[in-house]
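Data first, discussion second: the structure below is written as structure tokens.
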Amino acid sequence: MTTIALPQTQIKQPSRVTVVLRYLRRNKSLAIGLLVILFLVAFTVIGLLTINPKDAYPLAVRSKQPPSGTYPLGTDFFGRDMLSAMVVGIWQTALIGVLAGAVGTLIGVILGFTSAYFGGLIDMVIKGICQILTPIPVLLIQVVIAASLDKRSVTIYTMTLIVVLLAWMGPTLVIRSQVLTMKERQFVSVAKLSGVGNLGIIFGEIMPNLLPFIVSAFVIQVFGAVFASFNLSVLGLGPLREPLMGNIIWAAQGQAAFFNGWWWWPVWPALALMLILGALALVIMGLDEFSNPRVRRSE
Amino acid sequence: MTIRFVIQRLLFLVLVIWAASTITFFIPRMSNKNPIRERLAQLSRTGGFAPADMEKIVASMSEKFGLNKPLLEQYTDYIGGIARLDLGVSLNKYPKTVWELIMEALPWTLGLLFTAAILSFVIGNLLGAVAAWPRAPTWLRNFATPFVILQGMPPVLLGVLLLFFVGFRLKLLPLGGAYSIGIQPSRTIGFALDLIRHQILPALALIFGSVGGWVLSMRGMGITIQGEDYVNFAEHKGLNGITIFRDYYMRNALLPQVTGFALALSSLITSGLIVEGTFALPGVGSVLVEAIQSNDFLVIYGIVLFIVIAVAVLMVVVELLYPLLDPRISQTN
Amino acid sequence: MKPALQITDLQVSYYTDAGRATALDGVSLTLNEGEKLGLVGESGSGKSTMALAMMRMIKPPGRIEGGKVMVGDTDLTALSEEEMLKARLSKIAYIPQGAMNSLNPVMRIGAQMVDAIKAHDPKADKSDLIERSLEALTSVDLKESVFKMYAHELSGGMKQRVCIAISILLKPQVIIADEPTSALDVVTQRQVMETIDRVQDKIGAAVILIGHDMGLMAQFVDKVAVMYAGRLMELSSVREMFTDPKHPYAKALISSLPSLENKGVFQGIPGLAPSLLRLPGGCAFHPRCTHVMEVCRTVRPSLDSLPGGRKVECHLYSDEVVTFQEPVHNVKERV
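Residue numbers (the numbering used here), protein chains in the order written: chain A, 1 to 299; chain B, 1001 to 1333; chain C, 2001 to 2335.
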């Protein structure tokens, strides 16, 4: 067997950006999802810079106008300019989503982690609470909470709080099961044997491996928060003045919008929210493909 | 299925009901809102009596509703009431009780939810099973894809769009309500058809929103089952494709889906309530939305409790029924 | 008398992303009524592919490229899909390897037997179906009560016997038993093999026993066929195979069997089995053969008939070839 001499070329490492872009080309779900989110962000940012936010509130402009040059998305019964309303509404929805998502994920990580790592009674209590609360449709409890509040004191921040209060169970259970499997894995035992203390193991060994799950859990929480806040507002429990999609649809249906021919009133918020939720769902599917090697198609 | 298992599940059920009742009891009371005062304040804004008298009325009604008693006593009364299915009275539609209001609206809700749940389970699982079956024609296998994309969308949004395109633009189906304005309810086929026409779009919205979930989970199940030895052996026996699909593939793949049914029901119920409320269908959802608007708190809490209990009961029922379907379970004691 | 099974020049390939893998490369063999053939070979030698090919259950990316599989008067390779469905179980039956999971967990045993008969005989009435199933169960030494049971209520050996019972429901001419005892303990193994023996005797079928347990082979079969890299290397009577194997590969296999006389240090066969994507030129075994000759590298030996009905694919024996077929010696004798 003769050996073949290889030319001494440097193997060029592709730049980080190229690697990411190449992956996105294969993971279409993630790519499209991120693209739509980017579009929405651009829409909102440009919107906030160009429109007058006051127009998103009642009695700002002429009411009941169909889409036209002056009002590209029309206006509603109460005198909101729908375009401004969409811009402000999407921004507020994003705020609620990200805020509730972040807090929910944080609680989930802390609780799930504590439950799994330290085990024992704490684990039983946390697990037990999660299990008992699972059959209860979360929306209904949120309805109780929201209905008990003074209508005037409901703001987007109170909504965020209500959403978070009942959303932490999901990520807690997921993080808990992941940490449980990791606890037994060898790299943790090796670290322990090398004398690394508990905190070192937590932050040095387990956290880095949890990262993909935490990111996944976060996006799922954002999705859930947007979904839940929409559900509450479409029942009439939201901060009624704000142009949240659910509020607008609730108000539109309350005024029999379709019967009166004002189709643009409920349709834009519906489309906008479908875009937001759809994009988030695509990102979730894409992330799942990324972190779950079995689902991943050949590299 | 052991007695121990049954008792375990029933205890869990009681625990869930207790937890839900306690939550619905304490949360409202945490906010210093006195429902009677709120309601009367609202009435006085619209209708006409002096605020001075109001305090007297509040005091007497509070007495009547037991809001003056110590908290613990109120709590035990409350729990006792739930056990007797006494959920209180409606402030808005006094003297109708909450229970009466729910019962009047329930048949509509049941009809809508039942149809939507059964149809989306059957269609979704069938599409999912076919999507995973390599011998099915490609067009049929891809038929499920649009539904998968829609999965996760709140049915209400799908409803708005359906209303827009089918009801508003194409004027094919009605835009809301239970039956057409001006028609008198009667026991005729014509009326029944009118009823159904009004339910179609909301039902479709609910179905489209939940089918995707079944398709995805059944497809995953199907891929696993296909690889099983007994499906292979069935082929060795010379059975034809349809028999294998039905007896060896579906019957095994469907079993785990049944446990998912109860959970999916819970989400379907909440979506259903919202759809009803938004499209003015005469079900429990509309009662809820109206109660929210008119601050009829007891109705709100009553409906919440009712649904929570209903869902919990359904889940336990499915859990207890499952061993009857899967011969492997009943044997393990 | 027509042989029960006649395979002529069977070719099966798998078209993978990495290329075309030749799973069976022109295999021919004949089996008479009542004969038992043991098919041995290492993993990848093609024995399971043979079974699948005979049942015409090769799925894409695999394909039967050529050859004939005749069961009695019928050429299975020429049948339509529907006719083949009918042929399965009625002409040629298959006993699966892992009986553990081969029975539908949610159907009663009886139902799984009845649907097999019904698929071939749709007009049969219910009591007839039940009777035939019960008869099959008793012939494999199972109680009639098994009919109503579920798979998880049976032990491994019982499940395997149910599979055997299913295979004889329609009294096929050929039965393929694909490693039927690999997951069983030794005692149950014996029971299962005796059951196969008995039922085969009763209905006079020809049996192909696929496996790699030479000891088991020795006790139950009449002829042994050794496969390697998708080719049939040697076909001899069981006595001849164990006492005087001809093909170098077969020789190596036999010499690696421990016995009371054959003690000492055992050597494996050096080298690895070839990848089916790139078979060596000439004889597939030549890279590992201790008797390799120049011709072996370039010319594939043909399957030659030797005295006594033996067949060998090896250049070493080209001068011993006989021109007419003698029946294999000592059919009923055991080693």
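From the three backbone atoms N, C-alpha and C, an ideal C-beta is built for every residue, glycine too.
Neighbour-count burial assignment, C/G2019, 16 or more Cβ in a 10 Å radius:
exposed
Check whether C/I2196 and C/A2218 have beta carbons under 7 angstroms apart
no
List, in order along the chain, the chain B residues whose C-beta lies closer than 7 angstroms to that of A/W263?
F1164, F1168
Selected residue, minimal CA-CA separation from B/G1177, among B/T1002, B/S1286, B/L1170, B/G1212
Among B/T1002, B/S1286, B/L1170, B/G1212, the Cα nearest to that of B/G1177 is on B/S1286.
Give the DSSP bridge partners of C/Q2011, in chain order.
C/D2025, C/G2066
Roughly how many angstroms lie between the CA atoms of C/S2102 and B/D1229, to the nearest whole one?
5 angstroms
Compare the Cα-Cα distances from C/Q2097 to each of C/D2075, C/R2056, C/P2180 and report the closest residue.
C/P2180
According to the Cβ coordinates, are B/G1335 and B/V1211 closer than 7 angstroms?
Residue coverage of chain B in this structure runs from 1001 to 1333, which leaves residue 1335 of chain B outside it and unanswerable.
Based on the DSSP secondary-structure assignment, which residues constitute the bridge partners of C/R2020?
C/Y2015
The segment 2037 to 2044 of chain C / the segment 2075 to 2089 of chain C touching (three or more Cβ pairs under 8 angstroms)
no
Indicate whether C/I2007 and C/S2028 have their beta-carbon atoms separated by less than 7 angstroms.
yes
When the Cβ atoms of the segment 2143 to 2150 of chain C are set against those of the segment 2103 to 2122 of chain C, are three or more pairs found closer than 8 angstroms?
yes
What separation, rounded to the nearest whole angstrom, lies between the Cα atoms of B/P1137 and C/D2017?
Rounded to the nearest whole angstrom, the C-alpha separation of B/P1137 and C/D2017 is 24 angstroms.
Taking Cβ positions only, does B/I1007 come closer than 7 angstroms to chain A?
Not one chain A Cβ lies under 7 angstroms of B/I1007.
What did DSSP end up calling C/K2251 once you bin it into helix, strand or coil?
helix
Contact set between the segment 1255 to 1277 of chain B and chain A, restricted to residues whose Cβ is under 9 angstroms from the partner
Residues passing the 9 angstroms Cβ filter: A1262, L1263, S1266, S1267, I1269, T1270, S1271, L1273, I1274, G1277.
So that I know if they touch, is there some Cβ in chain B lying closer than 7 angstroms to that of A/G224?
no
Let me know the secondary structure DSSP gives C/G2038 once reduced to three states.
In the structure shown, C/G2038 falls within a strand segment according to DSSP collapsed to helix, strand and coil.
Going by C-alpha distance, which of C/E2042, C/S2045, C/Q2200, C/V2069 is nearest C/A2053?
C/V2069
Within a Cβ cutoff of 8 angstroms, which residues of the same chain sit near B/M1097, ignoring the five residues on either side of it in sequence?
It should be pointed out that residue 1097 of chain B corresponds to Thr in this sequence rather than to Met. Only D1086, L1087, G1088, V1089, S1090 meet the Cβ criterion.
Taking all protein chains shown into account, do 16 or more other C-beta atoms lie within 10 angstroms of the C-beta of C/H2355, making it buried, or fewer, making it exposed?
Given a span of 2001 to 2335 for chain C in the structure shown, any question on residue 2355 of chain C remains unanswerable.
Under 7 angstroms, do A/I110 and A/Q142 count as touching if we go by C-beta distance?
Not a contact, by the Cβ cut-off of 7 angstroms.
With three or more beta-carbon pairs closer than 8 angstroms as the criterion, would you say the segment 2114 to 2121 of chain C touches the segment 1235 to 1253 of chain B?
yes
So, for A/K54: in the same chain, excluding its five sequence neighbours on each side, which residues have a beta-carbon less than 7 angstroms away from its beta-carbon?
A60
Alpha carbons only, please: which of A/D76, A/Q221, A/A217 is nearest the one belonging to A/P243?
Per the Cα distances, A/D76.
Using the C-alpha atoms, what's the distance from A/V154 back to A/G238?
So the alpha carbons of these two residues sit roughly 7 angstroms apart.
Using the Cβ count rule (16 or more neighbours within 10 Å means buried), how would you classify B/R1004?
Around the C-beta of B/R1004, fewer than 16 other C-beta atoms lie within 10 Å, and the residue is accordingly described as exposed.
Near B/D1326, what residues of its chain come up, given a Cβ to Cβ distance below 7 angstroms and the 5 sequence neighbours on each side ignored?
L1255
Does any residue of chain A have a CB that is nearer than 7 angstroms to the CB of B/A1131?
For B/A1131, no Cβ of chain A is located within less than 7 angstroms of the residue's own Cβ.
Chain B beta carbons: is any one of them nearer than 7 angstroms to that of C/Y2150?
With its beta carbon less than 7 angstroms from one in chain B, C/Y2150 belongs to the interface.
Cβ neighbours of A/V234 in the same chain (closer than 6 angstroms, five flanking residues each side left out):
Result list for A/V234: G246, I249, W250, in chain order.
With contact counted as at least three CB pairs below 8 angstroms, one residue from each stretch, are the segment 122 to 141 of chain A and the segment 88 to 104 of chain A in contact?
no
If you reduce the DSSP assignment to three classes, tell me which class C/I2208 lands in.
Taken through DSSP and simplified to helix, strand or coil, C/I2208 comes out as strand.
Local conformation of B/A1291 per DSSP, three classes
helix
If you drop the 5 nearest sequence neighbours on each side, which residues of the same chain put their C-beta closer than 8 angstroms to that of C/G2215?
L2257
Listed from N- to C-terminal order along the chain, which residues in the segment 1281 to 1307 of chain B have their beta-carbon within a distance smaller than 9 angstroms of any beta-carbon of chain A?
G1285, L1288, V1289, A1291, I1292, Q1293, N1295, F1297, I1300, Y1301, I1303, V1304, L1305, I1307
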